[in-house]
Amino acid sequence: MGRSAVRKKKDRHFQPMPESVANMVVMDEYRQRTERKTPLFTYRYKFESRNERQEIMLKAINSNRNRVTFGIGAPGTGKTKVAVSSALKLVSTPGSKYGKIYITRPAVEAEGEKIGFLKGGIDEKMHPYFIPIYDILEEELGVELFENLLKRKVIEIAPLAFLRGRTLKNAIVILDEMQNATYGQIKMALTRIGKNSKFILTGDPSQSDRKGINGFMEAANKLRTAPGYTIVDFLEEDVVRDDMVKVALEYL
C-alpha cells in the first residue's frame with residue numbers, strides 16, 4: 039500500500055470521538071492492562087540519545103517528579119523524536135499508568151500557505167500539518183501497528199483547539215510546533231493536565247509564523263523555576279539531522 043493511500047486511510051481516524059466514549063474505551067483497556075500486567079501494545083524501544091540536551095530531555099520526561107517538559111531549539115535537534123519515542127515507551131510498559139497518547143499542534147498557516155484554500159473539512163485541512171508526526175510514528179511502530187493504535191484511540195492526533203474543555207488523565211500529551219501557539223493557547227493546554235498525565239511541548243521560536251511576542255517562549259521563561267516543570271534549551275550544535283542543516287542555520 040502506498041504512503042498516500044495509507045494517509046488517506048488515516049484521515050477517517052483523525053476526528054476525535056467524543057471524550058466520554060474515548061475515555062471509557064481507553065480506561066477499560068487501561069484497567070485490563072494494569073490488572074493483568076500486560077502491555078497495551080508491544081514496542082521495541084530503540085532510541086539512543088545523540089547529544090547532552092537529548093539526554094536531559096529524556097531523563098526529564100521519565101522522571102516521576104517531572105510532569106511537564108519543554109524542548110526548545112533549532113530544527114533537526116531531535117526534540118519531537120525524543121518526545122514520541124519516550125511517549126511510546128511509557129505507554130507500552132507493562133503495568134503503566136499511562137493509557138493514551140495525545141498529539142497536537144496549533145492550526146497556524148506557515149508563511150506563504152493558506153489553509154483556507156485546501157479542500158475538505160478540518161481533518162483534511164489539518165492532515166498535512168501532521169505528516170512529520172506520522173513519519174516518526176510509522177518509523178517507530180510500522181504502518182500496521184500505527185493504524186491499529188489510531189483505530190483503538192490509543193493514539194489520538196488532533197488540532198490544539200480540541201483540548202479545550204477536556205481533562206486529560208492517564209495520558210502522555212505531546213504538543214508539537216508550539217512556537218506557533220499564543221500565550222493563551224499554551225495556558226489553556228497546560229490547564230488540561232489531569233491525574234497521571236505528562237505533557238511534552240516542543241518548538242523552535244525562530245520558526246514562528248506568528249508576529250509579535252512569542253507565547254511559547256513567554257510561557258517557558260515564566261515556568262523555568264516552577265515545580266514539576268523542566269525546560270530544555272537545544273543549541274545549533276545539537277543538530278543531528280544532517281550537517282547541512284547546521285550550515286543553513288549558520289548562513290541564513
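The numbering of the sequence shown is the numbering used here, which starts it at 39 and goes up by one. Note that CB positions come from ideal geometry on N, CA and C, so glycine has one too. No experiment lies behind these values; they were computed from the predicted model shown.
| Item | Value |
| --- | --- |
| Which of helix, strand or coil DSSP assigns to F272 | coil |
| Range of the contiguous beta strand (DSSP E) that encloses Y140 | 138-143 |
| Rounded C-alpha distance that separates R105 from I99 | 7 Å |
| Length of the line joining the Cα atoms of V277 and G109 | 13 Å |
| For I171, the first and last residue of its enclosing beta strand (DSSP E) | Note, I171: premise wrong, no beta strand (DSSP E); alpha helix (DSSP H) at 169-179. |
| Residue burial classification, Y83 (beta-carbon count within 10 angstroms, cutoff 16) | exposed |
| Residue environment, F155, which counts as buried when at least 16 other CB atoms sit within 10 Å | Low local confidence applies: a pLDDT of 47 at F155 is under 50, so the model's placement there is unreliable, with the coordinate-based value given in what follows. With fewer than 16 other Cβ atoms within 10 Å, it is exposed. |
| Presumed contact (8 Å Cβ cut-off) between N234 and K207, rounded CB distance | 6 Å |
| Residue interval of the beta strand (DSSP E) (run including L206) | Careful: L206 lies outside any beta strand (DSSP E) and carries neither H nor E. |
| Exposed unless 16 or more other CB atoms sit within 10 angstroms - verdict on M164 | buried |
| Heavy atom of the ligand ZN within 6 Å of E185 beta-carbon | In the structure shown, the ligand ZN is absent, as is every other ligand, since no ligand is present at all. |
| Through-space distance from L198 to A145, alpha-carbon basis | 7 Å |
| Classification of L290 by the beta-carbon crowding that lies within 10 angstroms, buried from 16 upward | exposed |
| Beta carbon of M216 nearer than 7 Å to that of F254 | yes |
| Rounded Cβ spacing between P170 and T118 (contact assumed at less than 8 Å) | 7 Å |
| Alpha carbon of K138 to alpha carbon of V129, nearest angstrom | 7 Å |
| Continuous alpha helix (DSSP H) assignments of at least 4 residues falling wholly in the stretch 88-115 | 90-100 |
| Supposed contact pair A112 and I212 - C-beta distance, whole angstroms, cut 8 Å | Wrong, their Cβ atoms sit about 19 Å apart, outside the cutoff. |
| Closest Cα partner of A279 within the set D173, L175, R91, G116 | Sequence inspection shows Arg at residue 279; the Ala mentioned does not correspond to that position. Closest by alpha carbon: G116. |
| N102 to I269 span [Cα, whole Å] | 16 Å |
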